[in-house]
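>
Number of protein chains: 2
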Amino acid sequence: MRDVAIIGVGMNKWGELWEKSMRDIYVEAALLAIEDAGVDHIDSMYVGCMTSGLFVGQEHLGSLMADYLNVTPIPATRIESACASGGVALRHGFIEVGSGMSDIVLVGGVEKMCDVGGGEATYALSTAADQEYECYQGVTFPGLYALMAHRHMHLHGTTQEQLAHVAVKNHDHGSMNPLAQYPFKVTLEQVLSSVMIADPLRILDCSPITDGAAAAILCPLEMAKKFTKKPVVQIIGSGQATDTIALHTREDMSWLGATARAAEVAYKMAGVGPDDLDLVEAHDCFTIAEICVIEALGLVDRGQGGKAAESGLTALGGKIPVNVSGGLKAKGHPVGATGVAQVVEMVEQLRGEVGERQVEGARVGLTQTMGGTGGSTAVHIFRRV
Amino acid sequence: MRDVAIIGVGMNKWGELWEKSMRDIYVEAALLAIEDAGVDHIDSMYVGCMTSGLFVGQEHLGSLMADYLNVTPIPATRIESACASGGVALRHGFIEVGSGMSDIVLVGGVEKMCDVGGGEATYALSTAADQEYECYQGVTFPGLYALMAHRHMHLHGTTQEQLAHVAVKNHDHGSMNPLAQYPFKVTLEQVLSSVMIADPLRILDCSPITDGAAAAILCPLEMAKKFTKKPVVQIIGSGQATDTIALHTREDMSWLGATARAAEVAYKMAGVGPDDLDLVEAHDCFTIAEICVIEALGLVDRGQGGKAAESGLTALGGKIPVNVSGGLKAKGHPVGATGVAQVVEMVEQLRGEVGERQVEGARVGLTQTMGGTGGSTAVHIFRRV
Numbered sequence: 185m186r187d188v189a190i191i192g193v194g195m196n197k198w199g200e201l202w203e204k205s206m207r208d209i210y211v212e213a214a215l216l217a218i219e220d221a222g223v224d225h226i227d228s229m230y231v232g233c234m235t236s237g238l239f240v241g242q243e244h245l246g247s248l249m250a251d252y253l254n255v256t257p258i259p260a261t262r263i264e265s266a267c268a269s270g271g272v273a274l275r276h277g278f279i280e281v282g283s284g285m286s287d288i289v290l291v292g293g294v295e296k297m298c299d300v301g302g303g304e305a306t307y308a309l310s311t312a313a314d315q316e317y318e319c320y321q322g323v324t325f326p327g328l329y330a331l332m333a334h335r336h337m338h339l340h341g342t343t344q345e346q347l348a349h350v351a352v353k354n355h356d357h358g359s360m361n362p363l364a365q366y367p368f369k370v371t372l373e374q375v376l377s378s379v380m381i382a383d384p385l386r387i388l389d390c391s392p393i394t395d396g397a398a399a400a401i402l403c404p405l406e407m408a409k410k411f412t413k414k415p416v417v418q419i420i421g422s423g424q425a426t427d428t429i430a431l432h433t434r435e436d437m438s439w440l441g442a443t444a445r446a447a448e449v450a451y452k453m454a455g456v457g458p459d460d461l462d463l464v465e466a467h468d469c470f471t472i473a474e475i476c477v478i479e480a481l482g483l484v485d486r487g488q489g490g491k492a493a494e495s496g497l498t499a500l501g502g503k504i505p506v507n508v509s510g511g512l513k514a515k516g517h518p519v520g521a522t523g524v525a526q527v528v529e530m531v532e533q534l535r536g537e538v539g540e541r542q543v544e545g546a547r548v549g550l551t552q553t554m555g556g557t558g559g560s561t562a563v564h565i566f567r568r569v
Numbered sequence: 185m186r187d188v189a190i191i192g193v194g195m196n197k198w199g200e201l202w203e204k205s206m207r208d209i210y211v212e213a214a215l216l217a218i219e220d221a222g223v224d225h226i227d228s229m230y231v232g233c234m235t236s237g238l239f240v241g242q243e244h245l246g247s248l249m250a251d252y253l254n255v256t257p258i259p260a261t262r263i264e265s266a267c268a269s270g271g272v273a274l275r276h277g278f279i280e281v282g283s284g285m286s287d288i289v290l291v292g293g294v295e296k297m298c299d300v301g302g303g304e305a306t307y308a309l310s311t312a313a314d315q316e317y318e319c320y321q322g323v324t325f326p327g328l329y330a331l332m333a334h335r336h337m338h339l340h341g342t343t344q345e346q347l348a349h350v351a352v353k354n355h356d357h358g359s360m361n362p363l364a365q366y367p368f369k370v371t372l373e374q375v376l377s378s379v380m381i382a383d384p385l386r387i388l389d390c391s392p393i394t395d396g397a398a399a400a401i402l403c404p405l406e407m408a409k410k411f412t413k414k415p416v417v418q419i420i421g422s423g424q425a426t427d428t429i430a431l432h433t434r435e436d437m438s439w440l441g442a443t444a445r446a447a448e449v450a451y452k453m454a455g456v457g458p459d460d461l462d463l464v465e466a467h468d469c470f471t472i473a474e475i476c477v478i479e480a481l482g483l484v485d486r487g488q489g490g491k492a493a494e495s496g497l498t499a500l501g502g503k504i505p506v507n508v509s510g511g512l513k514a515k516g517h518p519v520g521a522t523g524v525a526q527v528v529e530m531v532e533q534l535r536g537e538v539g540e541r542q543v544e545g546a547r548v549g550l551t552q553t554m555g556g557t558g559g560s561t562a563v564h565i566f567r568r569v
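Line by line, the protein sequences are chains B and F.
Counting from 1 along the first sequence, just add 184 to a position and that's the residue number in this note's numbering.
Counting from 1 along the second sequence, just add 184 to a position and that's the residue number in this note's numbering.
Rendered as structure tokens:
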């Protein structure tokens, strides 16, 4: 396979975008990425999106987005892997460029979640869980992650305060990201006194419902300098893995096996390990998720994730900053876009472009995104060339 | 890229499968393909499916199907391209094997459509059209294809009888396919006197609502003989293309630009042309669709598609048999599975395994599947090695 670079990224302001439709926000992000890359055409496109059928009554996003981006008749493929859709879409752009099938590939992600009511949104998201064994019982995603949190507390002594520290950290980071949905700080007291959603998860332990899109332009590494004068970022590792879709069938509900597996594959391909990373964008759909993810990525030992945010290890300026973008927690979580937005942050960090939230001297970073309670995961590793 | 072979295929009996859930029918087809291929593991999987969120309240099919097929933690990706989902999934399996990323890849397709009522099914399928400009006006897919049919009649003199001949032919073929949903013949009189759905399309001009799945196993051509003693079928061409999602924005509503483009790419890659084909599996979701498709594939001149079934050109024993499997019309149309089921027929035909509906001496064939009114298309060309 050919080496693959990312030469452009784009993301619009996330939030409740009542005045824009799904196609509008996708095209906005795609055009930003195209402009950033300096390309005059694209050869192929991927659209990561979880459940636009339920959110806005629209499938067939390959055709729709190619049409509205005015790039027909190029191949355009919609990838769905629940909340990991964007990360899995990136992997397929990586494979397509690597294979030689296409040179310039746009990988976008999008979700328009705010056009439905809260109950409908909860239902739409629940389709990432096992419909016949989980949803049928009435469980929702806050409920499933609450089970994971309780298990983690039971096995490892993790505390509610440690969960809250993840939210405080990511909002600290997000307060420096003008594109974030909630670019403000929260205090530990605010998190711990916020309304309980599913014990032990409070509202400020949860990522929000968001409209948003993000996009990246990939090309063969050897062509990258033809298009851009900016520093080139290479994708040096890609891992994708699955786990059981239902939480109750796993040996340890608080261990993310698919993340561990995808990371193993990506580390091996990249020839780096956790100690080589300068920053990580991880899937903090709930505070407990970040805790479990950093363990599965090997950033901390198993069971030690709860202490990481509390101790400052994963904060900007700490040993391994996690979610400097604000993460899903503060930046927002338009599920299909999240995996691509992680790449936007990563590329801008590795180029040194993000201002006050810059990780100084960042050269190597990792993104991790997962679907459902971790039934699917994509991990990518990036290096500034 | 490496050369890619198909070494196993599988498909179960299609129909209204009340006693089985979506995961059951997918796993059945996947196991048949694995057994047919003689492999003891798979490295990666694709699941083509259009809108399981709306049909059965379940997304995240990569994780679900990997789980129920007991192949976690391999990468598993759900591909959506409306009714072309299966064909686009095949293309991604082809790219992944070709790239060297994986050796043995299972490409499956599935749709469980009969668990909802007719109105809900019509709504679910309408999400393949432009929600904001088409569905909002109340138009459904029979209505959209009826517009295409009227345009074709107006421009080219195509008749209602010619449409009906497509149905008669495909049911003739389907009567020889024991896995078909409707394995029986229909007469021209029966088609022409069947209930009108959307003028000029009658119920027997329409493909049915179906539960079904299909699967294929891909591997590098050079490894194929390690696994199977059966004749090896190579994928020699792959094309994927898009068109505007909405019908009204095309220059000619009866011309399938994405099919023409995908075919052009696939022919070029394969080094063959329409005259080299021994058989074609085409997307006859409505009788008019087959007429438009065979024109866009270059099997007949533009405007001449109506005469093809009438004259016997596209029947078994004719110059270029189209839809010897029975097509979507008689075999059924579980939308996400259709593109993969075409491959099942193609591989079994090229191996010479299908009994009375065998195209004698078939060596080279083409499959074409499309989403919506042709907003996305995948075309593949196959050769018996």
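For each residue, glycine too, the CB sits at the ideal point set by N, CA and C.
Bear in mind that the values here come from a model prediction, so they are computed numbers and not experimental data.
DSSP beta-bridge partners for I565 of chain F?
To locate residue 565 of chain F, count along the second sequence from 1; it is residue 381. F:G421, F:L550, per the DSSP bridge assignment.
> At a Cβ threshold of 8 Å, is L328 of chain F touching chain B?
Residue numbering aside, residue 328 of chain F sits at position 144 when the second sequence is read from its first letter. Output row for L328 of chain F: interface = no.
> With a cut-off of 8 Å, do at least 3 Cβ pairs link the segment 557 to 568 of chain F to the segment 406 to 423 of chain F?
yes
> Would you decide whether E295 of chain F is buried or exposed? Buried here means 16 or more other CB atoms lie within 10 Å of its CB.
Counting from 1 along the second sequence, the entry for residue 295 of chain F is found at position 111. Label assigned to E295 of chain F: buried.
> Using CA coordinates, which residue listed in B:V527, B:Q542, B:V538, B:E544 is at the minimum distance from A213 of chain B?
To locate residue 213 of chain B, count along the first sequence from 1; it is residue 29. Selected option, being the one with the closest Cα: B:V527.
> Is the beta carbon of T261 of chain B sitting closer than 8 Å to the one on V464 of chain F?
As a working note, residue 261 of chain B is residue 77 in the first sequence. As a working note, residue 464 of chain F is residue 280 in the second sequence. No, they are not a contact pair.
> Can you give me the start and stop residues for the beta strand (DSSP E) that S359 of chain F sits inside?
Residue numbering aside, residue 359 of chain F sits at position 175 when the second sequence is read from its first letter. Run containing S359 of chain F: none; DSSP gives neither H nor E here.
> Considering just the uninterrupted stretch of the alpha helix (DSSP H) at A217 of chain F, what are its terminal residues?
The count along the second sequence starts at 1 and reaches residue 217 of chain F at position 33. Bounds of the alpha helix (DSSP H) holding A217 of chain F are 206 to 221.
> Which residues in the same chain have their Cβ closer than 7 Å to the Cβ of I258 of chain B, if we skip the five residues on either side of it in sequence?
If you number the first sequence from 1, residue 258 of chain B lands on position 74. Excluding sequence neighbours, I258 of chain B sits near I226, D227, S228, M229, A250.
> For K452 of chain F, count neighbouring Cβ atoms within 10 angstroms of its own Cβ and tell me buried if that reaches 16, exposed if not.
Along the second sequence, read from residue 1 onward, the residue named residue 452 of chain F stands at position 268. Exposed, by the Cβ-count rule.
> What do you get for M285 of chain F, buried or exposed, if any count of 16 or more other CB atoms within 10 angstroms of its CB means buried?
Numbered from its first residue, the second sequence carries residue 285 of chain F at position 101. Buried, by the Cβ-count rule.
> Count the other C-beta atoms from every protein chain shown that fall within 10 angstroms of the C-beta of H336 of chain F, then say buried if there are 16 or more, exposed otherwise.
Taking the first residue of the second sequence as 1, we reach residue 336 of chain F at position 152. Under this definition H336 of chain F is a buried residue.
> Could you tell me how far apart the beta carbons of A442 of chain F and G559 of chain F are, in whole angstroms, since I believe they sit closer than 8 Å?
If you number the second sequence from 1, residue 442 of chain F lands on position 258. If you number the second sequence from 1, residue 559 of chain F lands on position 375. Correct: roughly 7 Å between the Cβ atoms.
> Under the assumption that T522 of chain F contacts C267 of chain F (Cβ atoms under 8 Å), give the Cβ distance between them as a whole number of angstroms.
Numbered from its first residue, the second sequence carries residue 522 of chain F at position 338. Numbered from its first residue, the second sequence carries residue 267 of chain F at position 83. T522 of chain F to C267 of chain F, Cβ: 6 Å. Contact.
> Roughly how many whole angstroms lie between the Cα atoms of C319 of chain B and A444 of chain F?
Residue mapping note: residue 319 of chain B aligns to position 135 of the first sequence, counting from 1. Residue mapping note: residue 444 of chain F aligns to position 260 of the second sequence, counting from 1. Distance between the alpha carbons of C319 of chain B and A444 of chain F: 43 Å.
> Taking A546 of chain B as the reference, which of B:I504, B:P518, B:G555 has the closest Cα?
Indexing the first sequence from 1 puts residue 546 of chain B at position 362. Closest option to A546 of chain B, Cα to Cα, is B:I504.
> Beta carbons nearer than 7 Å to chain B: which residues of the segment 527 to 561 of chain F have them?
Flagged, chain order: G555, G556, G559, S560.
> Is there at least one Cβ from chain F nearer than 8 Å to Q365 of chain B's Cβ?
For the purposes of this step, residue 365 of chain B is taken as residue 181 along the first sequence, with counting starting at 1. Cβ-Cβ to chain F under 8 Å: no for Q365 of chain B.
> In chain B, what lies closer than 7 Å to A312 of chain F by C-beta?
Here residue 312 of chain F is taken as the residue at index 128 of the second sequence, counted from 1. Residues of chain B passing the Cβ test: E243, H244.
> So with CB distances below 7 Å, who are the chain B contacts of A442 of chain F?
For the purposes of this step, residue 442 of chain F is identified with residue 258 of the second sequence, where counting begins at 1. Chain B residues near A442 of chain F: P257.
> Where do the N-terminal and C-terminal ends of the alpha helix (DSSP H) with V524 of chain B fall, by residue?
Locating residue 524 of chain B in the first sequence gives position 340, counting from the first residue. Here the alpha helix (DSSP H) through V524 of chain B covers 519 to 535.
> Helix, strand or coil for L463 of chain B per DSSP?
Along the first sequence, read from residue 1 onward, the residue named residue 463 of chain B stands at position 279. L463 of chain B: strand per DSSP, three-state reduction.
> State yes or no: is the C-beta of V291 of chain F within less than 8 Å of the C-beta of V188 of chain F?
For this step, residue 291 of chain F is matched to residue 107 along the second sequence. For this step, residue 188 of chain F is matched to residue 4 along the second sequence. No. Outside cutoff.
> Between I191 of chain F and T412 of chain F, is the Cβ-Cβ spacing less than 8 Å?
Locating residue 191 of chain F in the second sequence gives position 7, where the first residue counts as 1. Locating residue 412 of chain F in the second sequence gives position 228, where the first residue counts as 1. A contact, by the Cβ cut-off of 8 Å.
> Counting along the chain, where does the alpha helix (DSSP H) carrying C403 of chain B start and finish?
On the first sequence, residue 403 of chain B is found 219 positions in, with the first residue counted as 1. Careful: C403 of chain B lies outside any alpha helix (DSSP H), inside the beta strand (DSSP E) at 395 to 404.
> Less than 8 Å between the beta carbons of H467 of chain B and Q552 of chain B, yes or no?
Taking the first residue of the first sequence as position 1, residue 467 of chain B is located at position 283. Taking the first residue of the first sequence as position 1, residue 552 of chain B is located at position 368. A contact, by the Cβ cut-off of 8 Å.
> For the segment 369 to 382 of chain B and the segment 239 to 253 of chain B, state whether three or more C-beta atom pairs, one from each stretch, are separated by less than 8 Å.
no
> Nearest to D395 of chain F by alpha carbon, out of F:E264, F:L201, F:M195?
For the purposes of this step, residue 395 of chain F is taken as residue 211 along the second sequence, with counting starting at 1. The candidate whose alpha carbon is nearest that of D395 of chain F is F:L201.
> Judging by CA-CA distance, which residue of B:D427, B:K513, B:P367 is the nearest neighbour of T256 of chain F?
As a first step, residue 256 of chain F must be located in the second sequence, where it is residue number 72. When C-alpha distances from T256 of chain F are compared across B:D427, B:K513, B:P367, the shortest belongs to B:D427.
> Thinking C-beta only, is L347 of chain F closer than 8 Å to D314 of chain F?
As a first step, residue 314 of chain F must be located in the second sequence, where it is residue number 130. As a first step, residue 347 of chain F must be located in the second sequence, where it is residue number 163. No. Outside cutoff.
> Report the start-end ranges of each beta strand (DSSP E) in the segment 259 to 336 of chain B that is 3 residues or longer and not cut off at the edges.
With a minimum length of 3 residues, the continuous beta strand (DSSP E) runs that stay inside the segment 259 to 336 of chain B are 260 to 264, 289 to 296.
> For A525 of chain F and T235 of chain F, I'd like the C-alpha separation in whole angstroms.
Within the second sequence, residue 525 of chain F is the residue found at index 341, counting from 1. Within the second sequence, residue 235 of chain F is the residue found at index 51, counting from 1. A direct Cα-Cα distance of roughly 18 Å separates A525 of chain F from T235 of chain F.
> I believe R568 of chain B touches P404 of chain B by the beta-carbon criterion, under 8 Å. Please report the beta-carbon distance rounded to the nearest angstrom.
Locating residue 568 of chain B in the first sequence gives position 384, counting from the first residue. Locating residue 404 of chain B in the first sequence gives position 220, counting from the first residue. Not a contact, Cβ separation roughly 17 Å.
> Measure from the alpha carbon of M185 of chain B to the alpha carbon of each residue in B:H340, B:Q242, B:G277, then state which is nearest.
Taking the first residue of the first sequence as 1, we reach residue 185 of chain B at position 1. Shortest Cα-Cα distance from M185 of chain B to any of B:H340, B:Q242, B:G277 involves B:G277.
> Among F:G222, F:D224, F:E243, which has the Cα closest to the Cα of G206 of chain F?
As a first step, residue 206 of chain F is located in the second sequence; it is residue number 22 there, counting from the start. Gly is not the amino acid found at residue 206 of chain F; the sequence shown has Met there. Nearest option by C-alpha distance: F:E243.
> Out of B:V223, B:D208, B:M195, B:G199, which has the shortest C-alpha to C-alpha gap to K409 of chain B?
In the first sequence, counting from the first residue as 1, residue 409 of chain B sits at position 225. Ranking B:V223, B:D208, B:M195, B:G199 by Cα distance to K409 of chain B puts B:V223 first.
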